[in-house]
Amino acid sequence: MAEIVAVYAVPHTPSFVVEVQLEGERSETAQFFSTIRSHLEASKPDLILTVNNDHFNTFFFDNWPTYAIGTAERTAGPNDQTPGMPWYELTVDGAAARHILRFLIEDGFDFTSSLEFEIDHGALVPLHFMTPAMELPIVPIFINCVVPPLPSAARCYALGRSIAKAIQSLKTASRVAIVASGSLSLEIGGPRADLGKTFGVPDPAWARWILERIQSCEHGELIEAASEARMLEAGNVGGELLNWIVTLGIIGPSAPTLLINQPELGNAFAAWGVEGEGS
Amino acid sequence: MNVYLVHKLCRRVLHDRQFRKLILEKPEAAVSSMPFSDDERAVLLAGDVARLHREGSSAFLLLILCRFEVFGLKLPIFNRRMRTGSSE
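Same order as they appear, the protein sequences are chains L and R. Using numbering that gives the first Met the number 0, the letters of the first sequence map in sequence onto residues 0 to 278. Using numbering that gives the first Met the number 0, the letters of the second sequence map in sequence onto residues 0 to 87.
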């Protein structure tokens, strides 16, 4: 039986790659990811399950899934030309992915699966900083956070609970880390972008309120508040909160061992060590 | 407005290098290679992202036009049009 040894929820801001290349260790982002990377390394996982949204690169409107899982043996990316990021080839644990897919379907989550796909910055920015050697196999899960109608927060939380059970029933990996990513308040390119910038943070108070609910394990209150309309009030990619909510479902009512706010970017970094591991 | 087709054009700019080269060198030819109406073609070639967004196009995908400065959409222009909702 496999165990979840660590859980992370972090940003996947594509400009981080160049920012860290230019600023080095002085970069706040480099410091935050360094802390998260140390936590991950101490957790000694042998499989990483990623939870994030695609940005019209892996999937498109001709075939847009609400929930999807990659069941191939290999993948690669970034398929969106993330500035500064090298091209990565990654191993997918196809057997684990197929087991999780079957478990989730039997548990009532009607997933799409893909046997041929590449991944964009949503999955790769966190891995670029956390496991740059890309030596660990992944199982990629995609959540629709950007194309209404979005799945409900309650459904995403329940999905997280089911993913946790699916992982615990795995025979092919023993130590699993979850790496989820997304912003809490963010507008990309839209009318609420800051003057002269490609992005804005329309609702930092909402982001702060979310982190307070996470810190105090008030998941029910967060799920109730996180309607599609409320999330999109916080920016046109404010639905990325759903990736965090899946993560909260996986970890259950447990306060993070590490929680770093990055309010100027509508971001945060969180880590949970399970049963004393990696904390 | 055929929003799906606008989205396809934006995605092609990012993912199809030959199409990107064409749209930067000959924007009218690139837009004419897709089945847009006369009005849609005019809006695209004018870089009127405010109207495209108002009529349902994704700001996230429209930003690809700015990333590659298609239709003269340098960041200050793109940003001003999106923020003000005007074509100026």
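The beta-carbon is built from N, C-alpha and C at its ideal position, and this holds for glycine as well.
If you ignore the 5 residues before and after A29 of chain L, its C-beta comes within less than 6 Å of the C-beta of V19, all in its own chain and listed in chain order.
In the displayed model, T49 of chain L falls within a strand according to three-state DSSP. Straight through space, the alpha carbons of E88 of chain L and A71 of chain L are spaced by roughly 13 Å. Taken atom to atom, the span from the alpha-carbon of E68 of chain R to that of S85 of chain R is near 18 Å. Between L60 of chain R and M0 of chain L, the alpha-carbon positions lie close to 42 Å from each other.
The closest CA to that of N1 of chain R, considering only R:K25, R:R19, R:P75 and R:R50, is found on R:R50. When C-beta distances to chain R are compared with 8 Å, every residue of the region 8-22 of chain L stays at or above that value. A Cβ-Cβ contact shorter than 8 Å links N235 of chain L with G189 of chain L. Checking the DSSP bridge columns, you'll see F141 of chain L partnered with L:N51 and L:A67. Considering only L:R154, L:G159 and L:A163, the residue with the shortest C-alpha distance to E223 of chain L is L:R154. Neighbours of G84 of chain R in chain L, taken as residues at a C-beta separation under 8 Å, are given in chain order as P190. Interface flag for L61 of chain R against chain L is set, since a Cβ pair is found closer than 8 Å. Residue contact with chain L for N78 of chain R: present (Cβ-Cβ distance below 8 Å to some residue of chain L). For V145 of chain L, the C-beta contacts it makes with chain R under 9 Å involve S57 and F59, in order along the chain.
Under the Cβ criterion (8 Å, minimum of three pairs), the region 72-81 of chain L counts as touching the region 45-62 of chain L.
Note: W271 of chain L is bridge-paired with L:V6 in the DSSP secondary-structure output. Within the region 233-266 of chain L, the residues whose Cβ lies closer than 8 Å to some Cβ of chain R are N235 and V236, listed in chain order. Note on geometry: alpha-carbon atoms of W86 of chain L and N266 of chain L lie some 25 Å from one another.
Taking C-alpha positions only, R73 of chain L is separated from L64 of chain R by approximately 31 Å. Closer than 8 Å to the CB of I118 of chain L there is not a single CB belonging to chain R. For I118 of chain L, no beta strand (DSSP E) encloses it, and the DSSP letter there is neither H nor E.
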